[in-house]
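J.: Protein chains in written order, with this note's numbering: chain A, 1 to 160; chain B, 161 to 320. Beta carbons: idealized from backbone N, C-alpha and C, even for Gly. These numbers were taken from a predicted model, which means no experiment stands behind them.
1) Grouping DSSP H, G and I as helix and E and B as strand, with all else coil, what is residue 4/A?
2) Answer yes or no: does any C-beta atom of chain A fall closer than 8 Å to that of residue 181/B?
3) Judging by CA-CA distance, which residue of 220/B, 311/B, 299/B, 303/B is the nearest neighbour of residue 33/A?
4) To be precise: take each residue of the stretch 293-305 of chain B, compare its Cβ to all Cβ atoms of chain A, and keep it if any distance is under 9 Å. Which residues remain?
5) Buried or exposed: where does residue 186/B fall if 16 or more other Cβ atoms within 10 Å of its Cβ makes it buried?
6) Taking Cβ-Cβ distances shorter than 7 Å, what residues in chain B pair up with residue 106/A?
7) Applying a beta-carbon distance threshold of less than 9 Å, which residues of chain B neighbour residue 62/A?
8) Does the distance from the CB of residue 265/B to the CB of residue 211/B come in under 8 Å?
9) On a Cα-Cα basis, can you pick out the residue from 102/A, 116/A, 103/A, 120/A that is closest to residue 110/A?
10) Run down chain A in chain order and give the residues with a C-beta less than 9 Å from the C-beta of residue 195/B.
11) Just curious, the beta strand (DSSP E) that residue 68/A is in, first and last residue?
12) Considering only the beta carbon of each residue, do residue 64/A and residue 12/A sit closer than 8 Å?
13) In terms of residues, what are the limits of the beta strand (DSSP E) holding residue 283/B?
14) Going by DSSP, which residues form a beta bridge with residue 113/A?
15) Given this structure, state the Cα-to-Cα distance separating residue 189/B from residue 141/A, to the nearest angstrom.
16) Name the chain B residues that come within less than 7 Å of residue 92/A, Cβ to Cβ?
17) Step through the CB atoms of chain A and report whether any lies within less than 8 Å of the CB of residue 185/B.
18) Give me the chain A residues within the contact set of residue 211/B, using Cβ-Cβ distance strictly less than 9 Å, ordered along the chain.
19) Does residue 125/A pass the burial test, meaning 16 or more other C-beta atoms within 10 Å, or should it be called exposed?
20) So what's residue 85/A in DSSP terms, helix, strand or just coil?
21) Using 8 Å as the threshold, is the C-beta distance between residue 99/A and residue 122/A below it?
22) Any beta carbon of chain B sitting closer than 8 Å to that of residue 131/A?
23) Determine whether the Cβ of residue 321/B lies closer than 8 Å to any Cβ atom of chain A.
24) Answer with buried or exposed for residue 61/A, where buried requires no fewer than 16 other C-beta atoms within 10 angstroms of its C-beta.
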């Protein structure tokens, strides 16, 4: 078996997020289970200027995928998570918890505007200052039909 | 301004992909612009055993998000990409090219089955042996309405 210490990867921030959420407690986690959750939360991505030219041709896409680092995540040994809107212990890969073996986040946001190295978006659910690792266009292949939501579905039904 | 060398992140593989695509040339890139592209391409994710318990509660989700390393990507200085199905030079962040500043990939696959540390999926578009960095459940928040596809839309119209 290949051991995980044989496969280490080093990534660098390409920019960072300006978000209305300045500290952890500001994030309204109840939005997490709402399909339109953070849709109206506006913010910007400030790209380091050396990467600015990579934004060419992005403006025609309605949505973009942000890959970022959960830079304040301290406990990456966790294999279980306790989502804030559910008291139960869940396998970490069945949650979007920031405390995970590799503290990588993924959020799809609406693209509003690009001016030089500043990207205006809505749908921000991350903290101010979050380091961005990658930006990708959201395509038809990312929009799945007939989805089932496992324990989240059970949770939503209990809520009714 | 924060310099990008002040923000380095180290991630480790949590497992790897078993894919029918053994080398780069095996990947049928024409599928990239098809919404149902690789939907029928089956494969498995072999998680290192130390992470197996993190899969608890995942089986109820129909789709999962795989975050992985483009481990064969050699040129990470590229700011432009030339997608295989379009001769034009595009900003790298407007493409899903593996040759990007941080060679991180993201693909949403259908979850078929989990047996211990082996996850069977369909929708595989990556190479055999690709190191997996993270697994997340696909939720309603990832399914966006009224999407626009920028240069991909232009490309699809020309194809007709």
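T.: Reading off the structure:
1) The predicted model places residue 4/A with a pLDDT of 43, which falls under 50 and marks its position as unreliable, so this point remains unresolved.
2) no
3) 299/B
4) 293, 294, 295, 296, 297, 298, 299, 300, 301, 302, 303, 304, 305
5) exposed
6) 225, 227, 266, 296
7) 304, 306, 307, 308, 309, 310
8) no
9) 120/A
10) 139, 140, 141, 143
11) 63-69
12) no
13) Run containing residue 283/B: none; DSSP gives neither H nor E here.
14) 120/A
15) 13 Å
16) 214
17) no
18) 4, 79, 92, 93, 101
19) buried
20) coil
21) no
22) yes
23) No answer is possible for residue 321/B: it lies beyond the span of chain B, which begins at 161 and ends at 320.
24) buried
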